[in-house]
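**Q**
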Amino acid sequence: MAASSSYVPQCVPFLSKSSHSHFHGLNFSFSPSPSTPSSSSFKTSISAKVEKGSVPPPFTLKDQDGKNVSLSQFKGKPVVVYFYPADETPICTKEACAFRDSYEKFKKFGAQVVGISGDDPSSHKAFAKRYRLPFTLLSDEGNKVRKAWGVPSADMFGTVPGRETYVLDKQGVVQLVYNNRFQAEKHVDETLKILQTLKP
């Protein structure tokens, strides 16, 4: 490529906001009470097994370079673990770029950022290279870790895996569980708020 070394690809989703926003207010079809406000049924339906104050199940997964990475490696420093549906999709790309653009802030708090999806390491490598992602991407093929953590494997239409972010403190205890399927940047905002409250 002839692009200069300072060039960073833009992360502009190719679906319009309107194509997402009208879904945000829908109730799930399996909600027991159609009259229940959508925001509460949304949270109830996809609440994770891993909750604030708990220690999540350990894992060892391959990163974008094919190397094994274990959750235990991050003990002693805060770690942000975010599950996302897939590489190269509009909102996932926007989310990854939001973490990238705030990466210096995460470093300031001494925090590691780890993204997890079911894509294989070669997909992660291409994704990280294209958007210059400075953090680790892990391959959860078969969605075993996603299931162990209780992250939804499908959305309200039964097709897209859930988008959920966790902040673990130095002791490996969860201090934040956040999910917002369509507003990618909110994951970064909420994560940084929690990191500010953790003891150095």
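In the UniProt record's numbering, the protein residues as written are 1 to 200.
The beta-carbon is built from N, C-alpha and C at its ideal position, and this holds for glycine as well.
Every value quoted in this text rests on a predicted model; they were computed, and no experiment measured them.
Check Q183 in the structure and name its three-state DSSP category.
**A** Taking the sequence shown and counting its residues from 1, the one referred to as residue 183 is at position 183. Coil.
**Q** Would you report the Cα separation of A148 and P85, rounded to the nearest angstrom?
**A** Along the sequence shown, read from residue 1 onward, the residue named residue 148 stands at position 148. Along the sequence shown, read from residue 1 onward, the residue named residue 85 stands at position 85. Approximately 16 angstroms, taken between the alpha carbons.
**Q** Using C-beta distances below 8 angstroms, list every residue in its chain close to Q112, excluding the 5 sequence neighbours before and after it, in chain order.
**A** The residue you call residue 112 lines up with position 112 of the sequence shown. If we look at Q112 and ignore the five residues flanking it on each side, its Cβ neighbours are F74, K77, P78, V79, V80, F106, F135 and T136.
**Q** At what residue ranges does the UniProt domain "Thioredoxin" (50-200) contain a whole run of the alpha helix (DSSP H), taking only runs of 4 or more?
**A** Correct list: 90-101, 103-108, 121-131, 144-149 and 184-197.
**Q** Let me check understanding here. Comparing Cα to Cα, which of V177, L168, K52 and E185 lies closest to F109?
**A** As a working mapping, residue 109 is identified with position 109 in the sequence shown. F109 has its Cα closest to that of L168, out of V177, L168, K52 and E185.
**Q** If we count the other Cβ atoms within 10 Å of its Cβ and call it buried at 16 or more, is G53 buried or exposed?
**A** Walking along the sequence shown from the start, residue 53 turns up at place 53. Exposed is the call here.
**Q** Alpha carbon to alpha carbon, how far is S122 from S72? Give it in angstroms, no decimals.
**A** As a working mapping, residue 72 is identified with position 72 in the sequence shown. As a working mapping, residue 122 is identified with position 122 in the sequence shown. The alpha-carbon atoms of S72 and S122 are separated by roughly 24 angstroms.
**Q** Just the C-alpha distance for A184 and Y178, rounded to the nearest angstrom, thanks.
**A** Position 184 of the sequence shown, counting from 1, holds the residue named residue 184. Position 178 of the sequence shown, counting from 1, holds the residue named residue 178. Cα to Cα, A184 sits roughly 11 angstroms from Y178.
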